[in-house]
Amino acid sequence: MTQTVFSGTMPALMTPCTPDRRPDFDALVRKGREMIAAGMSAVVYCGSMGDWPLLTDAERMEGVARLTAAGVPVIVGTGAVNTASAVAHARHAAEVGARGLMVIPRVLSRGSSMAAQRAHFAAILSAAPDLPAVIYNSPYYGFATRADLFFDLRRSHPNLIGFKEFGGKADLRYAAEAITSQDDGVTLMVGVDTAVYHGFVNCGAEGAITGIGNALPREVLHLVALCQQAAAGDPVARQRAQELEEALGVLSSFDEGPDLVLYYKHLMVLNGEPEYSLHFNESDVLSDSQRGYVERQYALFRAWYAGWSQQLDLAA
């Protein structure tokens, strides 16, 4: 596997809001720098975690430009309703010095058409041929990229070097069996927080894109390190990775639902970051019961991790 930016652990950054519900780019850059300082290999912006459907193209581009100008390695999401907009984001990413692209399928219009998706992917890859790119596979986008399409594109676009799989454990296994195991130059990125262990140990993933890692960067980096050791055959790391992933299970599961940004922004507020207290739509809020549940689960995990990691230190 050829080393590219698509390795290690990357948080998919959320977009913090000002009091008038506009993007807070100063806070975005601050968070990007914090994530890299914590040990993340890069950040992703703007995927679904960044609320790309709720931002203008100009706002998305400003966020990317501000991050790259600050020296933060950025993977740029290309989600768009139309191909022309996705192409513009890819070109802009290359112009401002982003490190890679996350190629998102065409949505709504002809989203189920193989021919339309091939043309959409090809246009994005052609717009930034020097940027390494991964295709983002997610059931939420309504289109499943399979091996025949992936390798058809790769023959014409060598910058397509990987696959980010959000579809869960079965889809991760398909990606490993049918796509990434065919070519040592293709990498697999785990795209869902509930399948980190499975992705690294059973599917040969080289990296992970995380949502919960925004709130718990140290703990998620710990999980990935244990999974990498387990994938190399370490039996102790295998057990510890399973313990940590199980303890993170409820918090990670929010990554799979429609309220993921609401939940993870709330965790940021609990961490003392009020710039994540608002959403772009005023009606996008957790219910009282949702807040109570996530707060209890967050407190439970943090107490467990403090004791568990202390036991590990003592055992060492």
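Residue numbers for the sequence shown follow the UniProt record's numbering, beginning at 1 and rising by one.
For every residue, glycine included, the Cβ atom is placed at its ideal position computed from N, Cα and C.
Original post:
Can you tell me the Cα-Cα spacing of Asn214 and Ser126, whole angstroms?
Top reply: Numbered from 1 along the sequence shown, position 214 holds the residue referred to as residue 214. Numbered from 1 along the sequence shown, position 126 holds the residue referred to as residue 126. Taking the straight line from one Cα to the other gives about 31 Å.
**OP:** List the residues that DSSP assigns as beta-bridge partners of Glu165.
**Re:** On the sequence shown, residue 165 is found 165 positions in, with the first residue counted as 1. The partner list for Glu165 (beta bridge, DSSP) reads Asn137, Val190.
Subject >> Cβ-based burial, Tyr140 [other Cβ within 10 Å; buried from 16] >> reply: Here residue 140 corresponds to residue number 140 of the sequence shown, with the count starting at 1. Exposed is the call here.
Original post:
How many Å lie between Ala178 and Ala86 at the Cα?
Top reply: Here the question's residue 178 lines up with position 178 in the sequence shown. Here the question's residue 86 lines up with position 86 in the sequence shown. So the two alpha carbons sit approximately 27 Å from each other.
Subject >> Three-way DSSP call (helix, strand, coil) for Met1 in this model >> reply: Here residue 1 is taken as the residue at index 1 of the sequence shown, counted from 1. Caution applies to Met1, whose pLDDT of 38 falls short of 50 and renders its modelled position unreliable; the model cannot decide the point.
Subject >> Supposed contact pair Met102 and Lys164 - C-beta distance, whole angstroms, cut 8 Å >> reply: For the purposes of this step, residue 164 is taken as residue 164 along the sequence shown, with counting starting at 1. For the purposes of this step, residue 102 is taken as residue 102 along the sequence shown, with counting starting at 1. Correct: roughly 6 Å between the Cβ atoms.
Subject >> Minimum C-alpha distance to Glu246 - residue among Trp308, Glu59, Leu270, Glu275 >> reply: In the sequence shown, counting from the first residue as 1, residue 246 sits at position 246. The shortest CA-to-CA distance from Glu246 to any of Trp308, Glu59, Leu270, Glu275 is the one to Trp308.
Subject >> Residue from Gly8, Asp183, Ser277 with nearest C-alpha to Arg154 >> reply: One-based indexing of the sequence shown puts residue 154 at position 154. Taking Arg154 as reference, the option from Gly8, Asp183, Ser277 with the minimal CA-CA separation is Asp183.
**OP:** In angstroms with no decimal places, state the Cα-to-Cα distance between Phe166 and Phe200.
**Re:** Working through the sequence shown from its first residue, we reach residue 166 at position 166. Working through the sequence shown from its first residue, we reach residue 200 at position 200. Between Phe166 and Phe200, the alpha-carbon positions lie close to 14 Å from each other.
Original post:
Whole-angstrom Cβ separation of Cys203 and Leu226, contact assumed at under 8 Å?
Top reply: Here residue 203 corresponds to residue number 203 of the sequence shown, with the count starting at 1. Here residue 226 corresponds to residue number 226 of the sequence shown, with the count starting at 1. Going by Cβ atoms, the distance from Cys203 to Leu226 rounds to 16 Å, so no, they are not a contact pair.
**OP:** Assign Gln117 to buried or exposed, taking buried as 16 or more other Cβ atoms, counted over all protein chains shown, within 10 Å of its Cβ.
**Re:** In the sequence shown, the residue the question calls residue 117 occupies position 117. Gln117 is buried by the Cβ-count criterion.
**OP:** Pull up the DSSP beta-bridge partners for Pro11, would you.
**Re:** As a working note, residue 11 is residue 11 in the sequence shown. Bridge partners of Pro11: Thr210.
Subject >> For Tyr305, the three-state DSSP class (helix, strand or coil) >> reply: Within the sequence shown, the letter at position 305 stands for residue 305. Tyr305: helix per DSSP, three-state reduction.
**OP:** Could you tell me if Glu95 is buried or exposed, where buried requires 16 or more neighbouring beta carbons within 10 angstroms of its beta carbon?
**Re:** The residue given as residue 95 occupies position 95 in the sequence shown. It is exposed - the Cβ of Glu95 has fewer than 16 other Cβ atoms within 10 Å.
Subject >> DSSP-derived helix/strand/coil call for Phe143 >> reply: Numbered from its first residue, the sequence shown carries residue 143 at position 143. Phe143 falls in the strand class under three-state DSSP.
**OP:** Answer yes or no: do Gly39 and Arg218 have a C-beta to C-beta separation smaller than 9 Å?
**Re:** Within the sequence shown, the letter at position 39 stands for residue 39. Within the sequence shown, the letter at position 218 stands for residue 218. Yes.
Subject >> Own chain partners of Asp130 with C-beta closer than 8 Å, once the 5 adjacent residues on each side are dropped >> reply: Here residue 130 is taken as the residue at index 130 of the sequence shown, counted from 1. Setting aside the 5 residues that flank it on each side, Asp130 is surrounded in the same chain by Ala94, Asn159, each with a C-beta closer than 8 Å to its C-beta; the list follows chain order.
Original post:
The alpha helix (DSSP H) spanning Met61 covers which residue range?
Top reply: For this step, residue 61 is matched to residue 61 along the sequence shown. In the DSSP assignment, Met61 falls within the unbroken alpha helix (DSSP H) covering 57–69.
Original post:
Under the DSSP definition of a beta bridge, which residues are partnered with Ile179?
Top reply: As a first step, residue 179 is located in the sequence shown; it is residue number 179 there, counting from the start. Bridge partners of Ile179: none, in fact.
Subject >> Member of Arg91, Ile135, Met49 whose CA lies at the smallest distance from the CA of Pro258 >> reply: Within the sequence shown, the letter at position 258 stands for residue 258. Minimum Cα distance to Pro258 is reached at Met49.
Original post:
How many Å lie between Lys31 and Cys46 at the Cα?
Top reply: Start at 1 with the first residue of the sequence shown, and residue 31 comes out as number 31. Start at 1 with the first residue of the sequence shown, and residue 46 comes out as number 46. Answer to the nearest angstrom: the Cα atoms are 14 Å apart.
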